[in-house]
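Working notes, beginning with the structure itself.
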Amino acid sequence: MSNSCNIYIISDLHLSISVDKPMDIFGEGWTDYMSRLKEEWSAVVKTEDIVIIPGDISWGMTLSEALADLQFLNELPGKKILMKGNHDYWWTSLLKLNNMKAEHGLDTLEFMQTSSLYIEECDTAVVGTRGWKYIGDEEFSDGDLKIYKRELIRFEMSIKDSQKHGASNIICIFHYPPFNAKTEASGFTELMKKYGIEKCFFGHLHGIKGGKFLCAEDITPYAVTDGIDCRLISADYVSFKPVKIL
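Number 141 in the working numbering belongs to position 140 of the sequence shown; there are no gaps in the numbering.
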């Protein structure tokens with residue numbers, strides 16, 4: 002492994018260069034967030050570093066609307082690994098994404114879906130999936146159950162795909178938290194336990210009220226029933242500064 006191998010992570014950037022979706026309506030924590038993100042990112046990430054972004058990247062509804070946001074990311078330092086979030090409606094097939102990448106010279110971006118990504122210089126495999134609502138939620142429907150089961154299949158496919166590399170490090174990412182606000186175990190934590198994954202990172206959750214994050218008593222780390230250390234890395238929670246994880 003290279004001595005200069007650095008991997009960072011940050012989620013839920015909610016970029017909106019081409020669409021009218023100002024994030025400051027969600028609170029003063031989002032004021033001037035793109036400038037803050039650029040400043041914080043550029044202060045810590047070098048050209049040779051890796052940054053993982055687990056979803057909710059752009060508010061664009063189509064590839065053309067998301068293009069300016071992806072170009073903004075492409076110009077920031079480092080190589081980026083992108084995964085789909087629930088608001089990434091622009092995210093189509095990997096073929097279309099990679100065609101757009103080639104057409105517009107988005108050379109620092111890699112799109113991850115279903116499979117894993119191997120970072121050779123770090124001997125590290127990135128596994129994960131978007132995830133979905135918790136199976137015990139009050140509004141959980143039959144349609145949600147179908148998506149939940151599909152996401153479990155995709156997650157296990159990603160883990161199995163990573164095994165071909167024999168990587169010394171595994172980084173596990175989700176967009177949704179892999180449990181509910183009571184930190185109860187789920188099919189995702191069961192799969193992590195099955196394959197010996199002890200830590201994961203997720204986004205999706207936002208908003209600080211009364212000094213606490215709006216999801217649970219203690220946000221970092223979560224103490225999950227299966228003993229998995231799960232950490233929130235939404236952009237507003239980490240003050241728009243990518244978190245170094247390796």
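Glycine included, every Cβ here is placed at the ideal spot set by N, Cα and C.
Since this is a predicted model, take the numbers as computed values, not measurements.
Query, Result
"Using the C-alpha atoms, what's the distance from S43 back to E157?", "34 Å"
"Where DSSP assigns a beta bridge to I234, which residues make up the other side?", "Answer is none; I234 lacks a bridge partner."
"Give me whichever residues DSSP pairs with F175 in a beta bridge.", "T130"
"Within its chain, find whatever has a CB closer than 7 Å to the CB of R37; leave out the 5 residues flanking it on each side and keep chain order.", "F241"
"In angstroms with no decimal places, state the Cα-to-Cα distance between V244 and I229.", "19 Å"
"On a CA-only basis, which of I8, S5, K183, M24 is nearest A236? Give me that one, please.", "M24"
"Out of K134, E41, E191, D124, point me to the one whose CA is closest to G167's CA.", "D124"
"Could I get the ranges of all uninterrupted alpha helix (DSSP H) runs contained in the segment 80 to 128, with 4 residues as the minimum, in chain order?", "95 to 105"
"Check the C-beta distance from D70 over to L16 and give it rounded, since I have them as a contact under 8 Å.", "4 Å"
"Quick one: using the 10 Å Cβ neighbour count with 16 as the cut-off for buried, is G61 buried or exposed?", "buried"
"Classify F27 as helix, strand or coil using the three-state DSSP reduction.", "helix"
"Mind checking which residues open and close the alpha helix (DSSP H) that includes I53?", "From DSSP, I53 is part of no alpha helix (DSSP H) but of the beta strand (DSSP E) over 51 to 55."
"Are there 16 or more other CB atoms within 10 angstroms of the CB of G28, so buried, or fewer, so exposed?", "exposed"
"Looking only at C-alpha atoms, which of P179, S19, F203, V52 sits nearest to K134?", "P179"
"Out of K80, T115, D145, S19, which one is the CA nearest neighbour of S163?", "T115"
"Which residues bound the beta strand (DSSP E) around F73?", "It is not in any beta strand (DSSP E) - F73 instead sits in the alpha helix (DSSP H) that spans 64 to 76."
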